[in-house]
Amino acid sequence: MRLVIIGAGFAGMYAALSAARLRDIQGVSPEEFEIALVAPEPVLVVRPRLYEPKPETLTAPLLDVLKAIDVVYVQGSAEAVDTKARTVGVVSRKGARKTLSYNALVVATGSRLFRPNIPGLAAHGFSVDNLDDAMALDRHLHGLADRPALNGRDTVVVAGGGFTGIEAATEMPTRLRAILGKDARARVIIIERNNAIAPDMGEGSRPVIEDALRKLGVETRLGACVASLDKSGITLADGERIETETVIWAAGIRAAPLTQQIPRRARQFWPTVGRSLPCACPGSPASSPPAMPRAPPATMTATTH
């Protein structure tokens, strides 16, 4: 028998560890029940902390861990899932293809940042959604020190007032002063399309968050939508113009595309983040995760963030 786990993030890693532990407790050998983990690289990226400085350090190698618990590492990207045949199609970086059969499947490919078709977003927006994006933002922030303090150099705009947006925004004053000097007049602004900051965090925590933002000097624009970006600033739907050289997009997520290949009836969701509220204008409708099936199928889908 074989369990295939797609993804080497927190969900995939813990799925592999838990399955290996249960296999050991039940006295089943790795030959009787194989656990295979599919990922482009055997590396765990600490994605929730990619808003911090030096994001390249926020990784942990997994190969030795996987070997120690007798989990087979399959290098490559899963590009197809056939739930009827119970197979996963995997392609390597060089384009070589292979097919893995499975008895049970965990899809732990996570979520992806939703980037709407806003003029200038692709060319001028940054993010902390993945390691490459976070490193690009880090390089950009350090490059600001070589530019004149004009045209919003010292201003950072964060689009999205949810978990990621708040974390990124509250980190920026310290990061900017570390790069530009302690006397730099750092300005950080959160753009949130809802009429309250932290719309998904509840009324109880909101006053604490608002107080922390005030103490850090982080401004907010609530009920605001992003209309366009360019190299020197951002324009809101109401016409307000904010001069800035740094826009961080943190406005909504979507499940990884691979999950769309799995029929709804074959899914069992396991801690899922399904809603996304993009800050673009006009906005896309929020999507909610489907209800838990009555009978557990052979496929589990994790879209954790």
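If you're matching positions, the sequence shown starts at 5 in the numbering used here and goes up one per residue. All C-beta atoms in this analysis are idealised placements derived from N, C-alpha and C, irrespective of residue type, glycine included. Remember, predicted model here, so these are calculated numbers, not experimental data.
Residue environment: Ser131 is assigned as buried (16 or more neighbouring CB atoms within 10 Å of its CB, all protein chains considered). Note that the C-beta distance between Ile39 and Ala64 is not below 8 Å. Taking the CA atoms as reference points, Val47 sits about 24 Å from Asp28. Relative to the Cα of Arg191, the nearest Cα in the group Glu171, Gly221 and Asp150 belongs to Gly221. For the pair Ser81 and Val92, the CB atoms are not nearer than the 8 Å cut-off.
The way I'd put it, the stretch 240-256 doesn't touch the stretch 58-72; fewer than three beta-carbon pairs between them come closer than 8 Å. By the neighbour-count criterion, in which a residue is buried when 16 or more other Cβ atoms sit within 10 angstroms of its Cβ, Thr178 is exposed. Around the beta carbon of Glu175, 16 or more other beta carbons lie within 10 angstroms, which makes this residue buried. Following the DSSP letters along the chain, one finds Val47 inside the beta strand (DSSP E) bounded by residues Val47 to Val49. Taken in chain order, the unbroken stretches of alpha helix (DSSP H) that lie wholly in the stretch 160-232 and span 4 residues or more are 167-184 and 210-220. A residue is called buried once 16 or more other Cβ atoms fall within 10 Å of its Cβ, and Ser209, having fewer, is exposed.
Sequence-distant Cβ neighbours of Glu83 in its own chain, meaning closer than 6 Å and more than five residues away, are Gly93 and Val95.
Straight through space, the alpha carbons of Ala127 and Ile170 are spaced by roughly 23 Å. Listed in chain order, the alpha helix (DSSP H) elements of length 4 or more contained wholly in the stretch 50-85 are 67-72. Residue state for Ser131 is assigned as coil, using DSSP reduced to three classes. One alpha carbon belongs to Met205, the other to Arg197, and they sit about 15 Å apart.
Distance from the Cα of Arg101 is smallest, within the candidate group Pro203, Val42 and Ala20, for Val42. When Thr168, Asn121, Glu36 and Arg143 are compared, the shortest CA-CA separation from Pro57 is found for Arg143.
When the Cα atoms are used, Val110 and Lys71 turn out to be separated by approximately 19 Å. Under the three-state reduction of DSSP output, Gly237 falls in the strand class.
For Gly93, the pairing in a beta bridge is given by DSSP as Ala84 and Thr103. By alpha-carbon distance to Ser232, the top candidate from Leu145, Val161 and Arg218 is Val161. The three-state secondary structure of Ile266, taken from DSSP, is coil. Here Arg225 has Ile193, Ile194, Ile195, Glu196, Leu240 and Glu244 as same chain residues with Cβ atoms under 8 Å from its own Cβ, once five neighbours each way along the sequence are excluded. Restricting attention to Cys229, Val50 and Ser105, the CA atom closest to the CA of Val78 is found in Ser105. In the three-state scheme derived from DSSP, where H, G and I count as helix and E and B as strand, Ser22 is classed as helix. Inclusion of Ala138 and Leu66 in the CB contact set at 8 Å is not warranted, their separation being larger than that value.
Under the 10 Å beta carbon count, Glu249 is surrounded by 16 or more other beta carbons and is classified as buried.
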